[in-house]
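See structure below.
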Amino acid sequence: MKALFDTLHPGDRDWELAQAIDPTRLPEHIAIIMDGNGRWAERRLLPRVAGHKAGIGPVRSAVETCARLGVKALTLYAFSVENWKRPRHEVETLWRLLRYYLKQELPELQRNDVRLQAIGRLEALPAAVRGELESAVEATANNRGLLVNLAINYGGRAEIVDAVNAVLEMARLEGSLGTLKMDEDLIATNLYTASCPDPDLLIRTSGEMRISNFLLWQIAYAELYVTETLWPDFTRTDLLEAVVAYQKRERRYGGLRADPPADRILIPALGPS
Ligand code: FPP
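The working numbering applies: residue -18 is where the sequence shown begins, and numbers increase by one.
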């Protein structure tokens, strides 16, 4: 967290928020549904694509803040399998912006020791976008800081189907298809995100109370945080507020309370029989 304090000014709002964060209980993995670009633009009487363009700054800021905070992984929902239904011009602009971001940000990603990974059905992307993504992923492959997963042509159901098919294919190659018994571990280790822990915190901007087919398997126990802020307006302050809110939650994983220390588990006294 020291790296974060280096960029803050004592006494201002972000400084206060950072002071309120317990560095020993950071979310290891934050996932974000970046929503509201279209509405941001419409409110300014601008074309929808202007909202997407304005969404690049908050991507940059979220990556930097997570890297400086010491979060291990950040997953950003950039393009869903359903987003192909949008007008061609909008889809093409999204590809252009992604390529622009990758080119522009690579030096900064390297400086912040960020490792980039792309998750989704990438084979369907335009060749130029795929090429740019592959080179950015390769260029950052040895970095050891924050892992950034860019979810592109991503769908949670598609990811589970792909994981199940990968397990089946592996069993077929090993000749063990007949005796294969599916279990949670087999699916989890074949998800696109197998290399990182499940998200602890899922943030959605623009006030919509939906999951939108995002990380369906992985968010089983994630804490949800929905803010009315539209994505282009999402700042470091919003992100720090989400982390502070997360740390106030009691995570129970279906139990009664989160991991009570053994010496605090009380055996209730028996009453009169
Ligand atoms: C949802 O807002 C946003 C998207 C479909 C695209 C997200 C893209 C960016 C933030 C641009 C830059 C991204 C990267 C990774 C460089 P919406 O259009 O559905 O908004 P609306 O619900 O208000 O219409």
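No residue lacks a Cβ here, since even glycine has one placed at the ideal position from N, Cα and C.
With a threshold of 7 Å (Cβ to nearest heavy atom), would residue i be considered close to ligand 1?
{"i": "residue 93", "result": "no"}
{"i": "residue 136", "result": "no"}
{"i": "residue 60", "result": "yes"}
{"i": "residue 187", "result": "yes"}
{"i": "residue 64", "result": "yes"}
{"i": "residue 16", "result": "yes"}
{"i": "residue 96", "result": "no"}
{"i": "residue 70", "result": "no"}
{"i": "residue 40", "result": "yes"}
{"i": "residue 141", "result": "no"}
{"i": "residue 112", "result": "no"}
{"i": "residue 212", "result": "yes"}
{"i": "residue 101", "result": "no"}
{"i": "residue 13", "result": "no"}
{"i": "residue 55", "result": "no"}
Does the distance from the C-beta atom of residue i to that of residue j stay below 8 Å?
{"i": "residue 45", "j": "residue 93", "result": "yes"}
{"i": "residue 150", "j": "residue 173", "result": "no"}
{"i": "residue 148", "j": "residue 167", "result": "yes"}
{"i": "residue 137", "j": "residue 196", "result": "yes"}
{"i": "residue -13", "j": "residue 218", "result": "no"}
{"i": "residue 122", "j": "residue 96", "result": "yes"}
{"i": "residue 132", "j": "residue 59", "result": "yes"}
{"i": "residue 79", "j": "residue 129", "result": "no"}
{"i": "residue 13", "j": "residue 82", "result": "no"}
{"i": "residue 221", "j": "residue 203", "result": "no"}
{"i": "residue 57", "j": "residue 40", "result": "yes"}
Return no unless some Cβ of chain B is closer than 8 Å to the Cβ of residue i.
{"i": "residue 133", "result": "Among the chains of the structure shown, chain B does not appear; only one protein chain is present."}
Using DSSP's beta-bridge definition, name the partner residues of residue i.
{"i": "residue 98", "result": "130"}
{"i": "residue 184", "result": "13, 206"}
{"i": "residue 54", "result": "10, 128"}
At a cut-off of 7 Å, is residue i close to ligand 2 when judged by its beta-carbon and the heavy atoms of the ligand?
{"i": "residue 90", "result": "This structure lacks ligand 2; its bound ligands are ligand 1."}
Counting beta carbon pairs with one atom in the segment 204 to 213 and one in the segment 11 to 27, are three or more of them shorter than 8 Å?
yes
ask   = If we count Cβ pairs, one from each stretch, closer than 8 Å, do we get three or more for the segment 51 to 65 versus the segment 175 to 186?
value = The segment 51 to 65 is in contact with the segment 175 to 186.
Any contact between the segment 90 to 104 and the segment 31 to 49? By contact I mean 3 or more CB pairs, one from each, below 8 Å. Cβ pair count under 8 Å is three or more, so yes.
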